[in-house]
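In the numbering used here, the protein residues as written are 22 to 333. Written out below as structure tokens is the structure these notes cover.
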Amino acid sequence: MKYIDLHCDTITELALRPERGNLAKNNCEIDISKLQKGQCFIQDFAIWYDQKNEEAPWDYFQKLLAVYQREIAANDCMHPILKASDIDLCEKNEKIGAMLSIEGGEVIGGSLEKLQEAYDAGVRLMTLTWNYANELAFPNGMEGPDKGITPVGWEVIEAMNRMGMIVDTSHLNDVGTEEILKSHALPPVASHSDARAITGHQRNLTDPLIRLFADKGGLIGLNFSNHFTGDSEITKVENIVRHAQHIRDIGGDDVLAIGTDFDGIQPTLEIEDASQMDKLAVGLSKRGFTDDEIEKIFYLNAKWYLMEYLGK
């Protein structure tokens, strides 16, 4: 079954460790052949910035952007997703859609000019924070009534909404996530997050936040990391399914999507790479998910969302 994956770190991994190969062929969890075998419809590629990096965030982004552009251009089976019509084009021409994202809003440093430059370069989704506070907001675990979205953060969110760039709350703290979900901003995604009631990790979403996502029409992408699924070592399909069941029970089946976090997590998964996504479909079916529900999780929910909120 075809699928849309809202988050992976493959481009970042290939840029930092070129000895692993290129997008066409590598020893990562995602390459072209694995995407094709797994029937990938759209793959989001994140440029992830760690504040421990000594390189200036914007310079780092430019460097990795060049890698992304080179890799996508080198593979005819890929087509950049820049607007809603590109999704139809990919479906019609049997291309794999490539969507570009920024993981860590410090890349733009609170600058609306840099945000526009990122959009013009092809970025269509931005995770507001990674694991550190920045000009826009505060990360998971850094809570408090004064730890919401900053004034600059609201300016950036409003600009993102206007231009058709998706707001991603994965890694954002509960306060900031709730503020966005209760605001007049467009529905966000949590591109790679699970359920805190199943695994008590601060990166996972509380039940009230899951309900707010569902009520607002946002998306929650199931993360495959063992830290978030609750596995001690290998991420088991049955535990990804447990999170899917809980999120469905709390928020319904329209809120669910996939955000594997491939190549950004420990490579200890029953779903070893993108070629084995059918294992998740089988696991969902075994636990009582209908074919219609599985299609929604795999691609229909995310397709509808992207068609609705990307620029036309």
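Every residue, glycine too, gets a C-beta built ideally from N, C-alpha and C. Quick caveat, the model's predicted, so the values are computed rather than measured.
- Status (buried if at least 16 other CB within 10 Å, exposed otherwise) for residue 317: buried
- Out of 220, 117 and 146, which has the shortest C-alpha to C-alpha gap to residue 295? 117
- Rounded to whole angstroms, what's the CA-CA distance from residue 40 to residue 46? Just pull it up for me. 11 Å
- Message: Please report the straight-line C-alpha distance between residue 124 and residue 303, rounded to a whole angstrom.
- Response: 31 Å
- Cα-Cα separation, residue 264 to residue 112: Spanning the two alpha carbons is a distance of roughly 29 Å.
- Task: Let me know if residue 255 comes out buried or exposed under the rule of 16 or more other beta-carbons within 10 Å of its beta-carbon.
- Result: exposed
- Message: To test your reading of the DSSP string, which unbroken beta strand (DSSP E) runs of 3 or more residues are found completely within the stretch 187 to 228?
- Response: 187 to 189
- Residue range of the beta strand (DSSP E) that includes residue 54: Note, residue 54: premise wrong, no beta strand (DSSP E); alpha helix (DSSP H) at 53 to 58.
- Query: If we ignore side chains and look at the alpha-carbon of each, how far apart do residue 224 and residue 96 end up?
  - Reply: In this structure, the straight-line span from the alpha carbon of residue 224 to that of residue 96 is close to 34 Å.
- Task: Report all residues from its chain with a CB closer than 6 Å to the CB of residue 23; omit the five preceding and five following residues, and keep chain order.
- Result: Once the five neighbours on either side are set aside, the close Cβ partners of residue 23 are 60, 62 and 320.
- Taking just the CA atoms, how far does residue 328 sit from residue 105? 5 Å
- Task: List in chain order: all unbroken beta strand (DSSP E) runs of 3+ residues lying wholly within the stretch 68 to 108.
- Result: 99 to 101
- Task: On a CA-only basis, which of 128, 261, 77 and 240 is nearest residue 249? Give me that one, please.
- Result: 261
- From residue 169 to residue 115, what distance separates their C-alpha atoms? 42 Å
- Query: Can you tell me whether residue 324 is buried or exposed, with buried defined as 16 or more other CB within 10 angstroms of its CB?
  - Reply: buried
- Length at least 4, wholly inside the stretch 246 to 283: the alpha helix (DSSP H) runs in chain order: 247 to 250 and 258 to 272
- Boundaries (first-last residue) of the alpha helix (DSSP H) holding residue 24: Where residue 24 is concerned, there is no enclosing alpha helix (DSSP H), although the beta strand (DSSP E) it sits in stretches over 24 to 26.
- Could you tell me how far apart the beta carbons of residue 188 and residue 211 are, in whole angstroms, since I believe they sit closer than 8 Å? At roughly 10 Å, the Cβ-Cβ gap does not stay under 8 Å, so residue 188 and residue 211 are not in contact.
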